[in-house]
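K.L.:
For the sequence shown, the positions run 40 to 229 when our numbering is used. All residues carry an ideal CB built from backbone N, CA and C; glycine is no exception. Since the model is a prediction, treat every value here as computed from it, not as a measurement.
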Amino acid sequence: MCGRLNVIDCPEVIDLCEQLGIQLSIKTNKDLRPTQELTTITGTGQLNCRWGIKPEWSDRLLINAQAEKMATSRLWKPAFQAHRALVPCSGWYEWKSDDTGRKHKYLFTASNHLPMFMAALYWPAGIYAEEPTAVTLTTTPNKYCQQYHHRMPVIIPFEHADWWLNGRSEGIAPLLHPLPEKAVIAAECT
């Protein structure tokens with residue numbers, strides 16, 4: 040489950056967003072956590088959201104949504120149809136226990152060292168909180184990531200960013216698959 044992000048204000052993110060016609064202002068946060076401000080890109084521009092939603096019926100904060108449930112879930116389907124977003128980031132963190140039970144933190148980044156765009160859903164202000172809120176999408180992991188966690192974020196390739204943000208939800212399922220194994224690398228944080 041993606042529960043921490045690494046966000047770096049790098050020129051590549053700004054350039055990619057300008058190609059989408061979006062002026063982006065992003066703050067570096069090498070340990071972005073749920074409930075903190077999450078920079079998202081929507082079909083109309085930048086939207087700063089609180090990371091996570093807490094529906095009235097839930098006793099916990101929901102920060103991730105399973106991609107496999109987008110078309111059927113009463114919670115996710117409306118946002119999937121109308122409020123898709125991208126989260127520009129440098130990477131995400133996962134923890135893995137060794138044989139002694141000690142947890143080790145790993146940073147996952149793109150193997151080409153470029154920024155990534157995580158798939159997300161957002162809700163306008165007033166639905167789950169006074170400010171806009173968002174969750175990131177996860178999918179089953181590729182074999183490489185599977186050794187660290189049973190889920191991984193859905194990463195939208197830049198060439199499909201506009202399709203994800205503005206395309207019809209019925210035809211977008213091909214984007215909800217895990218990255219190829221060689222597209223991501225993990226490094227232990229020391």
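1. Would you give the residue range spanned by the alpha helix (DSSP H) that residue 85 belongs to?
2. Among residues of its own chain, excluding the 5 on either side of residue 27, which ones have a beta-carbon nearer than 7 Å to its beta-carbon?
3. Can you tell me whether residue 68 is buried or exposed, with buried defined as 16 or more other CB within 10 angstroms of its CB?
4. Do you know offhand how far residue 181's Cα is from residue 151's?
5. Is residue 60 buried or exposed, if buried means 16 or more other CB atoms sit within 10 Å of its CB?
6. List the residues that DSSP assigns as beta-bridge partners of residue 227.
7. Count the other CB atoms, across all protein chains shown, that sit within 10 Å of the CB of residue 84; report buried if there are 16 or more and exposed otherwise.
8. Got a sec? Which residues, its chain only, sit under 6 Å from residue 216 by beta carbon, not counting five neighbours each side?
9. Put residue 66 into one of helix, strand or coil per three-state DSSP.
10. If you count every other CB in all the chains shown that lies within 10 Å of the CB of residue 78, and 16 or more means buried, which is it?
P.N.:
Let me lay it out:
1. Not the alpha helix (DSSP H): residue 85 falls in the beta strand (DSSP E), residues 84-90.
2. No information on residue 27 is available, as it lies outside the stretch 40 to 229 that the chain covers here.
3. Residue 68 counts as buried, since at least 16 other C-beta atoms from the protein chains shown sit within 10 angstroms of its C-beta.
4. Rounded to the nearest angstrom, the two C-alpha atoms are 17 Å apart.
5. exposed
6. Beta-bridge pairing links residue 227 to 145.
7. Residue 84 is exposed by the Cβ-count criterion.
8. none
9. coil
10. buried
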